[in-house]
Amino acid sequence: MSSNDIPGPDSETALRVKALESLLLEKGLIETSAIDELIDMFENRLGPWNGAKVVARAWTDPDYKDRLLQNGTAAIAEMGFEAVQGEEMVVVENTAEVHNLVVCTLCSCFPWATLGLPPVWYKSAPFRARAARDPRGVLDEFGTQIGADTELRVWDSNAEVRYMVLPERPVRTEGLNAEALAELVTRDSMIGVSKVASPD
Amino acid sequence: MRTVDLEVVRSLYKLPGAVRMKLDVVPKFKPGDRVKARNIHTSGHTRLPRYARDKVGIIQLDHGVFHLPDARVSGQGDQPQHLYSVRFSARELWGAEAPCKDSINIDLWENYLDSV
Chain A
619 MSSNDIPGPD SETALRVKAL ESLLLEKGLI ETSAIDELID MFENRLGPWN GAKVVARAWT
679 DPDYKDRLLQ NGTAAIAEMG FEAVQGEEMV VVENTAEVHN LVVCTLCSCF PWATLGLPPV
739 WYKSAPFRAR AARDPRGVLD EFGTQIGADT ELRVWDSNAE VRYMVLPERP VRTEGLNAEA
799 LAELVTRDSM IGVSKVASPD
Chain B
195 MRTVDLEVVR SLYKLPGAVR MKLDVVPKFK PGDRVKARNI HTSGHTRLPR YARDKVGIIQ
255 LDHGVFHLPD ARVSGQGDQP QHLYSVRFSA RELWGAEAPC KDSINIDLWE NYLDSV
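So the protein sequences, as listed, match chains A and B.
To convert, count from 1 in the first sequence and add 618; that's our numbering.
To convert, count from 1 in the second sequence and add 194; that's our numbering.
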């Protein structure tokens with residue numbers, strides 16, 4: 619056991635959260651079971667693995683892909699992912715000609731039902747400003763190459779609609795089924811800051 | 195005040211939180227129309243981003259009818275109206291040096307837009 623394994627004191631944030639939780643419980647404003655349910659929801663049920671299943675199905679089922687691009691909300695609900703910031707979904711497709719990138723310039727709106735809670739950088743002022751003003755620079759910093767001829771479309775989810783990118787299916791995946799394909803799909807590829815990599 | 199229990203939390207997951215209004219409101223614009231975002235500077239809440247104000251774009255999608263957040267948060271009712279995805283070219287927003295094919299789609303309520 620190294621000294622790194624010895625737990626130190628809780629961080630200031632953790633202590634504050636514990637104090638708030640104690641107060642809410644003591645005053646009878648929330649029940650422990652409700653806290654456990656919320657944590658389970660956001661840790662285990664709402665997350666990018668849901669969106670990955672949607673993407674993998676679209677890659678393997680052309681009729682589903684058509685429905686997804688026509689009416690994202692209904693097609694995603696078919697897979698059982700609805701409500702909680704997924705009530706109004708538009709899915710935009712990345713192709714060789716068009717690359718889509720999603721941002722919320724006003725705050726941090728994000729499709730929780732399919733992608734989970736937004737990453738910290740998505741909520742940061744620099745990302746929100748630069749995804750609008752210099753999206754190619756942002757992609758470059760994420761190590762994402764798109765051609766000068768590629769049309770770049772940024773989607774600002776500044777209102778009630780949540781956007782999700784249908785990334786391009788990578789090469790060398792012809793033999794994979796939907797389940798194996800879903801393993802390749804990342805959260806960032808569904809925001810549009812990166813592409814889905816081919817399997818090793 | 196009601197205690198937040200398991201039932202309340204589970205209803206969060208199933209209850210649609212969307213604000214789409216099932217109302218038959220005639221849209222003022224249709225896809226393809228050229229519109230200009232109003233140059234308004236409210237001290238209250240708005241979803242019209244500053245960088246789009248006074249800029250010309252093209253209606254891409256009609257998302258349907260939603261309440262106007264600006265009105266609702268200031269106690270002026272729902273003011274239901276169509277919400278559109280409006281495409282602005284990067285050059286319109288950022289000038290001649292921006293890549294010619296790039297664009298930003300912004301969701302804007304009818305109240306934010308004038309015909310061009």
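Where a beta carbon is used, it is the ideal one built from N, C-alpha and C, also for glycine.
To which residues of the same chain is residue i closer than 8 Å at the C-beta, ignoring the five residues directly before and after it?
{"i": "Tyr245/B", "result": "Leu287"}
{"i": "Ala750/A", "result": "Val721, Thr723, Val772 and Asp774"}
{"i": "Glu769/A", "result": "Glu715, Val716 and His717"}
{"i": "Leu217/B", "result": "Val259 and Pro274"}
{"i": "His239/B", "result": "Pro263, Asp264, Val267 and Ser268"}
{"i": "Val803/A", "result": "Pro666, Gly669, Ala670, Val673, Ala674, Pro785 and Val814"}
Please decide whether residue i counts as near chain A, where near means a Cβ-Cβ distance under 9 Å.
{"i": "Phe223/B", "result": "no"}
{"i": "Ala265/B", "result": "no"}
{"i": "Leu287/B", "result": "yes"}
{"i": "Lys295/B", "result": "yes"}
{"i": "Ile253/B", "result": "no"}
{"i": "Leu217/B", "result": "no"}
{"i": "Ser279/B", "result": "yes"}
{"i": "Pro243/B", "result": "yes"}
{"i": "His257/B", "result": "yes"}
{"i": "Arg247/B", "result": "no"}
{"i": "Asn305/B", "result": "no"}
{"i": "Val213/B", "result": "yes"}
{"i": "Arg204/B", "result": "yes"}
{"i": "Thr236/B", "result": "no"}
{"i": "Ala290/B", "result": "no"}
{"i": "Asn299/B", "result": "yes"}
{"i": "Val198/B", "result": "yes"}
Helix, strand or coil for residue i? Go by DSSP, reduced to three states.
{"i": "Asn795/A", "result": "coil"}
{"i": "Ser283/B", "result": "strand"}
{"i": "Arg780/A", "result": "strand"}
{"i": "Asn233/B", "result": "coil"}
{"i": "Ser309/B", "result": "strand"}
{"i": "Arg771/A", "result": "strand"}
{"i": "Leu733/A", "result": "helix"}
{"i": "Gln583/A", "result": "A question about residue 583/A goes unanswered here, because the residues of chain A that appear run from 619 up to 818."}
{"i": "Glu630/A", "result": "helix"}
{"i": "Ser297/B", "result": "strand"}
{"i": "Phe760/A", "result": "coil"}
{"i": "Met808/A", "result": "helix"}
{"i": "Gly271/B", "result": "coil"}
{"i": "Leu656/A", "result": "helix"}
{"i": "Ile624/A", "result": "coil"}
{"i": "Val220/B", "result": "coil"}
Excluding sequence positions up to five away, which residues of its chain have a Cβ less than 6 Å from the Cβ of residue i?
{"i": "Ile298/B", "result": "Phe282"}
{"i": "Ser726/A", "result": "Pro736 and Lys741"}
{"i": "Trp303/B", "result": "Leu262, Gln275 and Leu277"}
{"i": "Phe728/A", "result": "Pro736"}
{"i": "Lys222/B", "result": "Glu304"}
{"i": "Gly674/A", "result": "Note on residue identity: the sequence assigns Ala, not Gly, to residue 674/A. So the qualifying residues of the chain are Ala796, Leu799 and Ala800."}
Spatial neighbours of residue i within its chain, please: C-beta separation below 7 Å, excluding the five flanking residues on both sides.
{"i": "Glu711/A", "result": "Leu687 and Leu784"}
{"i": "Tyr306/B", "result": "Ala231, Arg232 and Leu242"}
Using 9 Å as the limit for Cβ to Cβ distance, is residue i near chain B?
{"i": "Thr723/A", "result": "yes"}
{"i": "Val708/A", "result": "yes"}
{"i": "Ser816/A", "result": "no"}
{"i": "Asn615/A", "result": "Outside the displayed range of chain A (619 to 818) lies residue 615/A, so it cannot be described from this structure."}
{"i": "Ala676/A", "result": "no"}
{"i": "Ala819/A", "result": "Residue 819/A is absent from the model: chain A starts at 619 and stops at 818."}
Report yes or no: is there a C-beta of chain D within less than 9 Å of the C-beta of residue i?
{"i": "Asp272/B", "result": "Among the protein chains in the structure shown, which are A and B, there is no chain D."}
Is any heavy atom in the ligand SAM found nearer than 8 Å to the beta carbon of residue i?
{"i": "Ser775/A", "result": "Summarising the ligand content, the structure contains no ligands, and the ligand SAM is consequently not present."}
### Message
Taking beta-carbon pairs under 9 Å, can you tell me which members of the stretch 634-649 of chain A lie near chain B?
### Response
Here the close residues are Leu642, Gly646, Leu647, Ile648 and Glu649.
### Task
Determine contact between the stretch 780-792 of chain A and the stretch 693-708 of chain A, defined as no fewer than three beta-carbon pairs at a distance below 8 Å.
yes
### Message
Would the stretch 757-777 of chain A count as touching the stretch 716-725 of chain A if we require 3 or more Cβ pairs under 8 Å?
### Response
yes
### Query
For the stretch 211-228 of chain B against the stretch 248-257 of chain B, are there 3 or more C-beta pairs whose distance is under 8 Å?
yes
#### Entry: Cβ pair count under 8 Å reaching 3, the stretch 639-655 of chain A against the stretch 666-683 of chain A
no
### Message
Using a Cβ distance threshold of 8 Å, determine whether the stretch 796-812 of chain A contacts the stretch 751-761 of chain A, with at least three qualifying pairs required.
### Response
yes
#### Entry: Short-range partners of chain B found in the stretch 739-755 of chain A, where Cβ spacing is below 8 Å
Ala750, Arg751, Pro753 and Arg754
### Contact list for the stretch 789-813 of chain A against chain B, Cβ threshold 9 Å
none
### Query
Going along the chain, which residues of the stretch 763-781 of chain A sit with their C-beta nearer than 9 Å to a C-beta in chain B?
Cβ contacts with chain B come from Ala766, Asp767, Thr768, Glu769, Leu770, Arg771, Val772, Trp773, Asp774, Ser775, Asn776, Ala777, Glu778, Val779 and Tyr781.
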